[in-house]
Amino acid sequence: MRTDIPPATSGRQVVIVDDEPDFARGLARLICGHFDDVQTRVFDSGRAALQALGEQPAQVMITDLRMPEMNGMQLLAKALHAHPELSVVLLSAYGTVETAVQALHTGAYDFLTKPIEPEQLFRVVLKGLERSRLLEENSRLRQLVEQRDSRFELIGEGPASQRVRRTIAAIAQSDYTVLIRGESGTGKDLAARPIHR
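Residue numbers for the sequence shown follow the numbering used here, so the first one is 8 and each next one is one higher.
Right, here's the structure in full:
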């Protein structure tokens, strides 16, 4: 169930999940008071948070470890499966070293114990936002490189060039071993790139 914090619409977003609504709203106020460009969304269950993340992604999720229905570890695994760029911070009043290590091995970005020092919270949120931004940028750049590499740049639109393009496309779909021969500078590498991908 959603609490009374208005939905975020743009900018950097932090999702807070805790079955203690007053605590979650307090975190939201701290974060919004410290960061001008960060919006928060507060949920009292993992299920509601996952649904909201599916509708509108966030960069950071702060979740309590102990909650009914879906605990923080389960939420962590499901959220990262659907949103690998999300920086997830687990909170617990009962934090142990073993629990923190397990959370980090599951993919948590950080683990904080309650009560939380505001400066520590701000540092973790800032680093989580930056991590998510870098992961999103990396993903975007990889897609650009893949798109660029998927088009091979042969000059010419004549019948011979079109025939070469069709041949390269057909060979690229097969498992045949191919030897490309030609004079130096004729573009053998341009033909080989789409075949060997």
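Even for Gly, the Cβ is constructed at its ideal location relative to N, Cα and C.
Here's a check: name, in chain order, each residue in its chain whose Cβ is nearer than 6 Å to the Cβ of residue i, leaving out the five neighbours to either side.
i: Lys195; result: Ile187 and Gly189
i: Leu34; result: Ile23
i: Ala31; result: Ile23, Asp25 and Val49
Can you give me the Cβ contacts of residue i inside the same chain, cut-off strictly under 8 Å, excluding the 5 residues immediately before and after it?
i: Gln80; result: Correcting the residue type first, residue 80 is Met in the shown sequence and not Gln. The residues are Leu72, Leu97, Gln109, Ala110 and Thr113.
Between the Cα of residue i and the Cα atoms of the options, which residue gives the shortest distance?
i: Leu128; options: Asp26, Glu27 and Gly40; result: Gly40
i: Glu143; options: Ser94, Glu105, Ile178 and Pro166; result: Ser94
i: Asp51; options: Arg147, Gly18 and Thr70; result: Thr70
i: Thr120; options: Tyr183, Ala107 and Ser99; result: Ser99
i: Asn145; options: Glu124, Pro91, Lys134 and Tyr183; result: Pro91
i: Ile202; options: Gly192, Arg173 and Thr193; result: Arg173
i: Arg54; options: Val67, Phe42, Ala84 and Asp44; result: Ala84
i: Gln63; options: Phe42, His88 and Val21; result: Val21
i: Val45; options: Ala86, Glu124 and Gly135; result: Gly135
What does the alpha-carbon distance come out to for the pair residue i and residue j?
i: Thr103; j: Pro75; result: 20 Å
i: Tyr101; j: Pro122; result: 10 Å
i: Asp29; j: Thr47; result: 14 Å
i: Leu60; j: Met77; result: 16 Å
i: Arg147; j: Arg36; result: 32 Å
i: Met8; j: Gln150; result: Residue placement at Met8 is poorly supported in this model, since its pLDDT is 39, which falls under 50; the coordinates still yield a value, given next. Distance between the alpha carbons of Met8 and Gln150 is about 36 Å.
i: Gln169; j: Glu153; result: 22 Å
i: Leu133; j: Gln58; result: 24 Å
i: Ile175; j: Ile38; result: 55 Å
Near residue i, what residues of its chain come up, given a Cβ to Cβ distance below 7 Å and the 5 sequence neighbours on each side ignored?
i: Arg138; result: Ser94 and Tyr116
i: Ala107; result: Phe118
i: Val131; result: Val96, Asp117 and Leu119
Taking the DSSP output, what are the residues bridged to residue i?
i: Phe129; result: None, per the DSSP bridge assignment.
i: Gln20; result: Gln46
i: Ser99; result: Thr120
Would you say residue i reaches chain C, if we count a Cβ-Cβ gap shorter than 8 Å as a contact?
i: Arg73; result: Absent from the structure is chain C; it holds one protein chain and no more.
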